[in-house]
Amino acid sequence: MANNVLIGQKRQVWIWALILGCVFAGGFWAGLAVARDRGMPFFFVRQSPWSIGIYEGSSPFKFFPAKGVKNPVLRAEDVTDVSAEFVADPFLVREGEGWYLFFEVMNRRTSQGDIGLATGSDGLHWTYQKIVLDEPFHLSYPYVFKWEEDYYLVPESAAANAVRLYKAERFPDRWVFMGTLVEGKDYSDPAIVRFNNHWWLFATPQWDQDTLHLFYAKELKGPWLEHPKSPVVQRDGHHARPGGRF
-4 MANNVLIGQK RQVWIWALIL GCVFAGGFWA GLAVARDRGM PFFFVRQSPW
46 SIGIYEGSSP FKFFPAKGVK NPVLRAEDVT DVSAEFVADP FLVREGEGWY
96 LFFEVMNRRT SQGDIGLATG SDGLHWTYQK IVLDEPFHLS YPYVFKWEED
146 YYLVPESAAA NAVRLYKAER FPDRWVFMGT LVEGKDYSDP AIVRFNNHWW
196 LFATPQWDQD TLHLFYAKEL KGPWLEHPKS PVVQRDGHHA RPGGRF
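The numbering of the sequence shown is our numbering, which starts it at -4 and goes up by one.
Below, the structure is given as structure tokens:
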């Protein structure tokens, strides 16, 4: 009987030690996370999962690292105005004598994507500038295009259950919201193109990455309608989700 009581007491001691250990360990790692987000240095460095590189090729099917470039050309560590987890979804724009690179910046503090900007003179070497678009919800996939001397941006805004249109009030760093093209569903990676005097918008629902939907409009601001033959791709994850500019 005494041995059983002693064993029970020891077990309780170990249980309380385990609970206290978890509490202190959780606080320790939480403290590290806060300090990391505030820019304090550590003896370890966590590698960001994505970065941006530049490749060149003789066709869309043959690519190799661009000459004179050390990839990646842009990393989370290059972002200076927010603490970045990673950078992704690059879109290139050539305007005048300059090159402009728009991309997703995953913000550690807010755990959501913002749209960042880098500039360069040759399309190979880049200098980070700043965040140019930040919303209360996640943004990524900054599909930038020019139409009638103005620049427009259709980012992924699935967290807002809408496909949203922005216009450059001052290219490349000041963008204003122009309106919603498609709403009511969380469409990923919307890709837009002008063809045969109509606008066409391809997008994949986040809840069904194997399906590609198609919308069309006569005017950029709409009204936008889903095409009668949409979805145009079904049950095919290799071809459904858009992957960049047309």
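Heads up, the beta-carbon is just placed ideally off N, CA and C, and yes, glycines get one too.
Q. How is the beta strand (DSSP E) around K57 delimited, first residue to last?
A. Position 62 of the sequence shown, counted from the start, is the residue given in the question as residue 57. Residues K57 to P60.
Q: Give the straight-line distance between the Cα atoms of F59 and E92, rounded to the nearest whole angstrom.
A: If you number the sequence shown from 1, residue 59 lands on position 64. If you number the sequence shown from 1, residue 92 lands on position 97. Approximately 25 Å between the Cα atoms of the pair.
Q. Leaving out five residues before and five after A25 in sequence, what residues of the same chain have Cβ atoms less than 7 Å from its Cβ?
A. Within the sequence shown, numbered from 1, the residue matching residue 25 stands at position 30. Low local confidence applies: a pLDDT of 42 at A25 is under 50, so the model's placement there is unreliable, with the coordinate-based value given in what follows. Here the set comprises nothing.
Q | 6 Å Cβ shell around G118 - same chain, five flanking residues per side excluded | A | By one-based count along the sequence shown, residue 118 stands at place 123. Closer than 6 Å at the Cβ level, and outside the excluded window around G118, lie W94.
**Q.** Under 9 Å between C-beta atoms of M173 and K213
**A.** Walking along the sequence shown from the start, residue 173 turns up at place 178. Walking along the sequence shown from the start, residue 213 turns up at place 218. No, Cβ-Cβ distance for M173 and K213 is not below 9 Å.
Q. For A235, does the three-state DSSP call read helix, strand or coil?
A. For this step, residue 235 is matched to residue 240 along the sequence shown. A235 falls in the coil class under three-state DSSP.
Q: Specify the secondary structure class of E72 as computed by DSSP and reduced to three states.
A: Taking the first residue of the sequence shown as position 1, residue 72 is located at position 77. Helix, per DSSP.
Q.
Within 10 Å of its beta-carbon, does W121 have 16 or more other beta-carbons around it, so buried, or fewer, so exposed?
A. Translated into positions along the sequence shown, residue 121 becomes position 126. Result: buried.
Q) Would you call the stretch 124 to 136 and the stretch 146 to 154 in contact, with 3 or more CB pairs under 8 Å? A) yes
Q | Cβ-based burial, W170 [other Cβ within 10 Å; buried from 16] | A | Taking the first residue of the sequence shown as 1, we reach residue 170 at position 175. Buried: at least 16 other Cβ atoms inside 10 Å.
Q | Beta-carbon proximity list for R159, same chain, < 6 Å, skipping 5 on both sides | A | Looking up residue 159 in the sequence shown gives position 164. Only S152 and T175 meet the Cβ criterion.
**Q.** Terminal residues of the beta strand (DSSP E) in which R165 lies
**A.** To locate residue 165, count along the sequence shown from 1; it is residue 170. A157 to R165 is the extent of the beta strand (DSSP E) around R165.
Q. Near P218, what residues of its chain come up, given a Cβ to Cβ distance below 7 Å and the 5 sequence neighbours on each side ignored?
A. Indexing the sequence shown from 1 puts residue 218 at position 223. Counting only Cβ-Cβ distances below 7 Å, and skipping sequence neighbours, we find A212.
Q) In terms of residue numbering, what span does the beta strand (DSSP E) encompassing H208 cover? A) Taking the sequence shown and counting its residues from 1, the one referred to as residue 208 is at position 213. That run of the beta strand (DSSP E) goes H208 to A212.
Q.
Tell me the rounded alpha-carbon separation between I126 and L112.
A. As a working mapping, residue 126 is identified with position 131 in the sequence shown. As a working mapping, residue 112 is identified with position 117 in the sequence shown. Taking the straight line from one Cα to the other gives about 6 Å.
(Q) If I follow the unbroken beta strand (DSSP E) through L128, where does it start and stop? (A) Against the sequence shown, residue 128 aligns to sequence position 133. Taken as a continuous stretch (DSSP letters only), the beta strand (DSSP E) holding L128 covers T122 to L128.
Q | Cβ pair A235, T199 closer than 9 Å | A | As a first step, residue 235 is located in the sequence shown; it is residue number 240 there, counting from the start. As a first step, residue 199 is located in the sequence shown; it is residue number 204 there, counting from the start. Yes, the pair counts as a contact, with Cβ atoms nearer than the cut-off.
**Q.** Beta bridge counterpart(s) of H193 as assigned by DSSP
**A.** Looking up residue 193 in the sequence shown gives position 198. According to DSSP, H193 bridges with F190.
Q | Sequence-distant residues of its chain with Cβ nearer than 8 Å to V77 (five each side left out) | A | For the purposes of this step, residue 77 is taken as the residue at position 82 of the sequence shown. Here the set comprises V100, N102, R103, R104, D109 and I126.
Q: Starting from N102, follow the beta strand (DSSP E) in both directions and report where the run begins and ends.
A: Your numbering for residue 102 matches position 107 in the sequence shown. Note, N102: beta strand (DSSP E), G93 to N102.
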